[in-house]
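Structure, as structure tokens:
Residue numbers (UniProt numbering): 1 to 359.
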């Protein structure tokens with residue numbers, strides 16, 4: 001079915017004529033020829049001269065151009081048949097810590113040492129793509145929290161944005177409270193009993209404006225369940241040392257992460273290697289979906305480019321008409337006041353008129 005997304009745009013149709021009435025006439029800068037016998041000329045040819053207004057054939061290209069622009073601005077589109085969307089899952093936000101310590105390579109995956117963020121990207125990326133029927137979103141946080149992907153059914157795009165995340169893009173510190181607050185702002189608009197936040201971090205809260213436990217209590221009031229995941233190898237078992245010989249795993253505030261999960265009715269998980277993180281992903285995959293109101297979507301095909309392309313072509317033709325006046329297009333849209341076949345006849349009449357005036 002064809003329709004305009006913004007049909008109210010057509011209310012602007014009389015705008016050029018209103019501006020013509022309100023604004024003063026523009027000065028062309030060309031000298032005007034004034035004759036005292038214009039009425040006599042009009043009587044000879046049987047037509048009234050229109051020196052100030054162009055003919056309708058001269059106005060037609062500009063009227064068509066304005067109409068094409070309005071059609072394109074009104075967003076013409078072709079709507080397909082309604083398609084059902086699986087909406088029996090949860091509204092799931094994933095908040096991933098991208099502070100500087102997430103670049104520490106103390107995680108094991110397939111007998112190789114990888115950074116914490118790289119392992120999280122791999123595991124949580126698979127987890128997000130497997131959540132069929134869920135709305136998923138992504139928050140990246142460091143010194144501040146940013147919504148990277150709003151809640152959407154497009155799990156593949158969310159996974160790609162997670163893979164493109166880089167350490168330090170949100171600052172070097174860890175604002176856990178701000179990440180929970182931003183997630184609460186987005187999830188509170190969704191139906192209750194389906195709001196889930198998965199918070200992944202490897203440190204303690206040392207930035208932001210909101211205390212993590214305060215944000216967790218607010219989340220509990222809004223029925224937001226938070227699952228926290230502490231990432232980082234055991235500092236007593238790994239031989240990898242960080243900056244100044246200190247393992248960043250020592251900064252992990254497990255007590256706060258446990259309290260956040262307990263207050264909101266979630267769980268706390270500790271991921272010390274790839275196998276543990278894989279087990280956590282399996283556990284999270286077992287979240288029971290909560291029935292929601294079924295929704296439908298109609299695929300739409302945008303058609304604005306066609307009137308816009310015709311408007312562009314017409315504009316180019318109008319420019320060519322002004323730059324090169326002697327062309328077929330100019331002769332098509334302009335109509336001379338006096339036909340060439342009549343030139344000799346009206347000259348004779350004009351000569352007789354002058355002779356009569358002299359007598």
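Glycine included, each C-beta is placed from N, C-alpha and C at the ideal position.
- Residue state for residue 98 is assigned as coil, using DSSP reduced to three classes.
- Shortest Cα-Cα distance from residue 185 to any of 215, 302, 284, 323 involves 215.
- Residue nearest to residue 284 within the set 251, 60, 124, 179 is 124 (criterion: CA-CA distance).
- Counting other Cβ atoms within 10 Å of its Cβ, residue 225 reaches 16 or more and is therefore classed as buried.
- If you draw a straight line from the Cα of residue 257 to the Cα of residue 151, it comes to about 24 angstroms.
- CA-CA distance, residue 126 to residue 316, rounds to 51 angstroms.
- A straight-line Cα-Cα distance of about 10 angstroms links residue 20 and residue 14.
- Proximity to residue 230 across 222, 261, 314 peaks at 261, based on C-alpha coordinates.
- Contact between residue 91 and residue 145 is ruled out by a C-beta separation of about 18 angstroms, above the 8 angstroms threshold.
- The residue from 314, 158, 301, 313 with its alpha-carbon nearest to that of residue 81 is 301.
- Going by beta carbons, residue 252 and residue 192 fall outside the 8 angstroms limit.
- Residue 182 counts as buried, since at least 16 other C-beta atoms from the protein chains shown sit within 10 angstroms of its C-beta.
- In the three-state reduction of the DSSP assignment, residue 110 falls in the coil class.
- Between the alpha carbons of residue 299 and residue 310 lies a distance of about 25 angstroms.
- Note on residue 16: under 16 other CB atoms within 10 angstroms of its CB, so exposed under the neighbour-count rule.
- Below 8 angstroms, enough C-beta pairs join the segment 167-177 and the segment 205-213 to call them touching: three or more.
- Excluding five sequence positions before and after residue 73, the CB atoms of its chain that fall closer than 6 angstroms to its own CB belong to 9, given in chain order.
- Looking at 180, 321, 270, 134, the one whose alpha-carbon comes closest to that of residue 263 is 180.
- In the structure shown, residue 210 adopts coil according to DSSP, grouped into three states.
- Boundaries of the alpha helix (DSSP H) harbouring residue 281: 274-284, taken from the DSSP string.
- Going by C-alpha positions, residue 103 is about 6 angstroms away from residue 167.
- Under the three-state reduction of DSSP, residue 300 is assigned to strand.
- The continuous stretches of alpha helix (DSSP H) do not include residue 172, and DSSP gives it neither H nor E.
- Annotated as proximal: residue 64 and residue 314, with beta-carbon spacing under 8 angstroms.
- CA-to-CA, the gap between residue 129 and residue 100 works out to about 26 angstroms.
- For residue 149, there is no enclosing alpha helix (DSSP H); the residue is found in the beta strand (DSSP E) stretching over 145-152.
- By the Cβ-count criterion, residue 116 is buried, with 16 or more other Cβ atoms from all chains shown falling within 10 Å of its own Cβ.
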